[in-house]
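A.B. asks: Quick one: the structure is below, and I'll ask about it shortly.
Residue numbers (the working numbering): 27 to 133.
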């Protein structure tokens, strides 16, 4: 396993906890992923490379060229800080309820 493939494996384990869990997510047999990482990503079927890169948010072309580059450069976390002094307890409760409402709309 080359350094690139080792880095991809580490990324998968970091994000999914195990190779098996990742394979279930992308609907790929574990043996196929293992073979890709051992043989080299550049030597793999494009369909399988795309499954891997789409799920990890990586640029497929750059990965095949040997570098790990994320395609999603937009922030995924939005944070707000309230000291608590500018809002009453009732207003803070309303803010929390609204945030929960927005989260539940996604389901």
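Don't be surprised by glycine CBs; every beta carbon is placed ideally from N, CA and C. Predicted model only: the values in this text are computed from it and were never measured.
Using a 10 Å radius around the Cβ and a threshold of 16 neighbouring Cβ atoms, would you call residue 79 buried or exposed?
C.D. replies: As a first step, residue 79 is located in the chain shown; it is residue number 53 there, counting from the start. Residue 79 comes out buried.
A.B. asks: Taking the Cβ atom as the reference point for each residue, do residue 30 and residue 67 lie within a distance shorter than 8 Å?
C.D. replies: For the purposes of this step, residue 30 is identified with residue 4 of the chain shown, where counting begins at 1. For the purposes of this step, residue 67 is identified with residue 41 of the chain shown, where counting begins at 1. Yes, Cβ-Cβ distance for residue 30 and residue 67 is below 8 Å.
A.B. asks: DSSP three-state label for residue 113, please.
C.D. replies: Along the chain shown, read from residue 1 onward, the residue named residue 113 stands at position 87. Coil at residue 113, not helix or strand.
A.B. asks: Could you give the distance in angstroms between the alpha-carbon of residue 87 and the alpha-carbon of residue 57?
C.D. replies: Start at 1 with the first residue of the chain shown, and residue 87 comes out as number 61. Start at 1 with the first residue of the chain shown, and residue 57 comes out as number 31. Answer to the nearest angstrom: the Cα atoms are 23 Å apart.
A.B. asks: Should residue 77 be labelled buried (16 or more other beta-carbon atoms within 10 Å of its own) or exposed?
C.D. replies: For the purposes of this step, residue 77 is taken as the residue at position 51 of the chain shown. Buried.
A.B. asks: What does the Cβ neighbour count give for residue 48, buried or exposed, with the cut at 16 atoms within 10 Å?
C.D. replies: Residue mapping note: residue 48 aligns to position 22 of the chain shown, counting from 1. Its Cβ being crowded by 16 or more others within 10 Å, residue 48 is buried.
A.B. asks: Taking Cβ to Cβ, would you say residue 54 is nearer than 8 Å to residue 71?
C.D. replies: In the chain shown, the residue the question calls residue 54 occupies position 28. In the chain shown, the residue the question calls residue 71 occupies position 45. For residue 54 and residue 71, no; Cβs fall outside 8 Å.
A.B. asks: Counting C-beta neighbours from all protein chains within 10 Å, is the total for residue 97 16 or more, i.e. buried, or is it exposed?
C.D. replies: Walking along the chain shown from the start, residue 97 turns up at place 71. By the 10 Å Cβ count, residue 97 comes out exposed.
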